[in-house]
Each structure stands twice: as structure tokens, then as C-alpha cells.
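Engineer:
2 protein chains.
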Amino acid sequence: MPKIDIDKAPVTTASIYPEPYAAQMAGRSSRGLGQAAGLTQFGVNIVTLAPGAVASLRHWHLNEDEFAMVLTGDLILIEDQGEIPMRPGDCAAWRAGVANGHRFVNRSDAPASFLVVGSKAASETVTYADVDMILRIDGDGIEMTYHDGSDWSGPRDLAPKGDRK
Amino acid sequence: MPKIDIDKAPVTTASIYPEPYAAQMAGRSSRGLGQAAGLTQFGVNIVTLAPGAVASLRHWHLNEDEFAMVLTGDLILIEDQGEIPMRPGDCAAWRAGVANGHRFVNRSDAPASFLVVGSKAASETVTYADVDMILRIDGDGIEMTYHDGSDWSGPRDLAPKGDRK
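In order, the protein sequences belong to chains A and B. Residue numbers are given in the working numbering: position 72 of the first sequence equals residue 55, and the series is strictly consecutive. Residue numbers are given in the working numbering: position 122 of the second sequence equals residue 105, and the series is strictly consecutive.
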């Protein structure tokens, strides 16, 4: 049946991030609607954030388009240009390859949720804007580096912008 | 800015269907959120149906995954298995290549809308379940045939199921 039984769609609270970032995702859960429906070309998830929770580190995708619509509650979208309040029905999208790190955070005292759609590329590179990390993801697994391409061996701050090439 | 100004996203009421089917889409409009945001890998539209309007002929996609979430009003999803009432927050999805013709209709006395996401394949074949028509769409245009592959030259009913190979 094409109608999705949302309550039966799989829920995950796991993060692909290494520590200490994974622990920072506490209070986030993601329900896999696309997975429940057997979609393979793009992911569709409903992400719920407890009060104070964040959806991700601030990041951008090299190969995959991304779209989000707020469903319930009040969220803040943080990106390079600053912070944008987002209410139910508000939408945002990020075209693949545009280097604008973004994330949703819930600073309200009630849960909030959003629908998020992302293409599924054969391989993906995700660059984090506030921490020195890049994840390269493909069928073989996840490779973690710093922004300069060297192996990631623990959390470190980004170099000041003037030092970056 | 990643936040989409929905009121400024382009609206279309046009249909790719030949007549008489195009005229049957009266009362439907589609707002291109993905287009407004410059997405290229999947389409994101908010489709609004006036009372009595339909979103499409009943159809299925060979190459493209499709997902929909009802946003406002009361809709009916019609597919091979019958009719399913759909309310705001209800979701449905159709995996590419699954031959289950579907469409939304608005039988209520108020407007209704849904969000729809579809992959953008380089070429697509759309098969219509209630009328004898197949559309093949690629960068060169649209080719229209009957289900038996012969050129479409005007509306005709499908042969009774027992006669189909």
C-alpha cells in the first residue's frame, strides 16, 4: 500500500558522527518514511528534536540536494548568513555543492519536527562548517578527514579563516 | 538564502497531457519550491486542488521515486487497491517501477493541498492506468503512445483486462 504507516516507520537515534559530536545529537530522532516505503532514490525522514536538541552539526553536501519543511513546533535554521526562525510550513532547500553549512536547532521548550528529503548519491562528501571535519561516505564506509585532507584523529577547531587556502 | 519564499515560488496550472485530459486538470495548480531553490536532482512542489479538482490521471513512474504528504484539507488517494482518505500529515510513496496507478482527487468542498517530491531521471516513462496512454519524456520532448506501443492519435479506452498481454 502506498500510504505510509508513519507510526510503524523505523526510528533511529544513532549518529554517524564520531565522538564527541555523536553525543551532541542527544534528543534527536529520525523516522524513515522513505525506507518504510522502499524508496531508493532519495531519503525521506521526519526528524523530531526535543527541547534543546540539534539535528546535526552545521554541514553542506557536495553531491546531494536537500529539502526540509518544518512540520511542528518552532525551529531555528542556522547557516552562514545567520539564524532564521522557522515555523510549521516554512521550507528551505540546499542545492548540492553550495558551501553553506546549515542545521536546525530547537531552542523552544516543546518538541519540534521537520520533514527532510535528500538525494541518495553513490558517494557523498559532507563538509562541516563549525568543526574541522569532512566525511566521505560511499558503499565501502565512511572516511573521516580534517578540512586539509589529513586523517581525522580527534576533534579540533577550524583554523582561523585567514589561514585557509 | 536557503529559506524558500513560498509565495514567490513559480506557479503553474499547465498540463503536459494532450486533450481532453489537460482540460480535466482544471482547478489544479502547482507551486515549484524545488525550482525556486535551484534544486536539480528532485522536484518539490505544493499542489493545490480546488473542490472537485484532480491532481493527475492515475499513473505510475518507471524510473522515478515519488513521495507525497498532505498539507491542508481532505484528499482521496486512488490507486489499484481502491480509495484511501488522506488527511494533513498523511504520507504516501511510490517506488519507481511499481505498476500501481495513483492520483489524488479533492471531493471535499474546500481547497486541499499536498507536497510532492519526485526524482528527476534523465528520461521517464509514465503509464496511465485508466486511459490508454503512455508518455515517454526526455530532453528531446514527449513521445505519446498507446499501451501497445503504437502512436497515440486521440483518446481511447483501455482494452478490457482479459485482452491485454
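The beta carbon of each residue, even a glycine, is placed where N, CA and C say it ideally should be. Quick caveat, the model's predicted, so the values are computed rather than measured.
Pick out whichever of A:Met52, A:Leu32 and A:Val27 has its Cα sitting closest to the Cα of Arg90 (chain A).
Structural biologist: To locate residue 90 (chain A), count along the first sequence from 1; it is residue 107. Looking at the Cα atoms, A:Leu32 is the closest of the given residues.
Engineer: Among residues of its own chain, excluding the 5 on either side of Leu16 (chain A), which ones have a beta-carbon nearer than 7 Å to its beta-carbon?
Structural biologist: Here the question's residue 16 (chain A) lines up with position 33 in the first sequence. These residues qualify, in order along the chain: Ile(-13), Ile(-11), Ala(-8), Val27, Asn28 and Ile29.
Engineer: How long is the line joining the alpha carbons of Ile125 (chain B) and Trp135 (chain B), rounded to whole angstroms?
Structural biologist: Position 142 of the second sequence holds residue 125 (chain B). Position 152 of the second sequence holds residue 135 (chain B). Roughly 12 Å separates the two Cα atoms.
Engineer: Could you spell out where the alpha helix (DSSP H) holding Ala20 (chain B) opens and where it closes?
Structural biologist: Looking up residue 20 (chain B) in the second sequence gives position 37. Note, Ala20 (chain B): alpha helix (DSSP H), Leu16 to Ala20.
Engineer: Please report the residue range of the beta strand (DSSP E) in which Ile(-1) (chain B) lies.
Structural biologist: Here the question's residue -1 (chain B) lines up with position 16 in the second sequence. Here Ile(-1) (chain B) belongs to no beta strand (DSSP E), and DSSP marks it neither H nor E.
Engineer: Quick one: does Asn89 (chain B) have its CB under 8 Å from some CB of chain A?
Structural biologist: In the second sequence, counting from the first residue as 1, residue 89 (chain B) sits at position 106. Judged by the 8 Å Cβ criterion, Asn89 (chain B) is not in contact with chain A.
Engineer: For His85 (chain B), decide whether its Cβ has a neighbour in chain A, counting only Cβ atoms nearer than 8 Å.
Structural biologist: Translated into the one-based positions of the second sequence, residue 85 (chain B) becomes position 102. So yes, His85 (chain B) belongs to the interface.
Engineer: Assuming His130 (chain A) and Ile120 (chain A) are in contact, meaning their beta carbons sit under 8 Å apart, how far apart are those beta carbons, in whole angstroms?
Structural biologist: For the purposes of this step, residue 130 (chain A) is taken as residue 147 along the first sequence, with counting starting at 1. For the purposes of this step, residue 120 (chain A) is taken as residue 137 along the first sequence, with counting starting at 1. Actually they are not in contact, since the Cβ atoms of His130 (chain A) and Ile120 (chain A) sit about 16 Å apart, beyond 8 Å.
Engineer: For Ile(-13) (chain B), which three-state DSSP category applies?
Structural biologist: Taking the first residue of the second sequence as position 1, residue -13 (chain B) is located at position 4. In this structure, Ile(-13) (chain B) counts as coil in the three-state DSSP scheme.
Engineer: Which residue's Cα is closest to the Cα of Asp92 (chain A): A:Val(-6), A:Asp113 and A:Thr55?
Structural biologist: Position 109 of the first sequence, counting from 1, holds the residue named residue 92 (chain A). The shortest C-alpha separation from Asp92 (chain A) is found at A:Thr55.
Engineer: Sorted by chain position, which residues of the same chain lie with C-beta nearer than 6 Å to Thr110 (chain B)'s C-beta, five sequence neighbours on each side aside?
Structural biologist: Locating residue 110 (chain B) in the second sequence gives position 127, counting from the first residue. So the qualifying residues of the chain are Trp43 and Ile117.
Engineer: How would you label Ser96 (chain B), buried or exposed, when you count the other beta carbons within 10 angstroms and need 16 or more for buried?
Structural biologist: For the purposes of this step, residue 96 (chain B) is identified with residue 113 of the second sequence, where counting begins at 1. Answer is buried; the Cβ neighbour count reaches 16.
Engineer: Mind checking if Gly8 (chain B) is an interface residue toward chain A, Cβ cutoff 8 Å exclusive?
Structural biologist: Taking the second sequence and counting its residues from 1, one reaches residue 8 (chain B) at position 25. For clarity, residue 8 (chain B) is Met in the given sequence; the question names Gly instead. It does not: the Cβ of Met8 (chain B) has no partner Cβ on chain A nearer than 8 Å.
Engineer: Determine whether the Cβ of Ser102 (chain A) lies closer than 8 Å to any Cβ atom of chain B.
Structural biologist: Position 119 of the first sequence, counting from 1, holds the residue named residue 102 (chain A). Closer than 8 Å: yes.
Engineer: For Leu22 (chain A) versus Asp48 (chain B), is the C-beta distance shorter than 8 Å?
Structural biologist: Working through the first sequence from its first residue, we reach residue 22 (chain A) at position 39. Working through the second sequence from its first residue, we reach residue 48 (chain B) at position 65. Their beta carbons are under 8 Å apart, which means Leu22 (chain A) touches Asp48 (chain B) by this criterion.
Engineer: Between Gly21 (chain B) and chain A, is any beta-carbon pair separated by less than 8 Å?
Structural biologist: Translated into positions along the second sequence, residue 21 (chain B) becomes position 38. Output row for Gly21 (chain B): interface = yes.
Engineer: With a threshold of 16 other CB atoms inside 10 Å of the CB of Gln64 (chain B), please say whether the residue is buried or exposed.
Structural biologist: Walking along the second sequence from the start, residue 64 (chain B) turns up at place 81. Gln64 (chain B) should be labelled exposed.
Engineer: Are Ala51 (chain A) and Ala75 (chain A) closer than 8 Å when you measure CB to CB?
Structural biologist: Taking the first sequence and counting its residues from 1, one reaches residue 51 (chain A) at position 68. Taking the first sequence and counting its residues from 1, one reaches residue 75 (chain A) at position 92. Yes, they are a contact pair.
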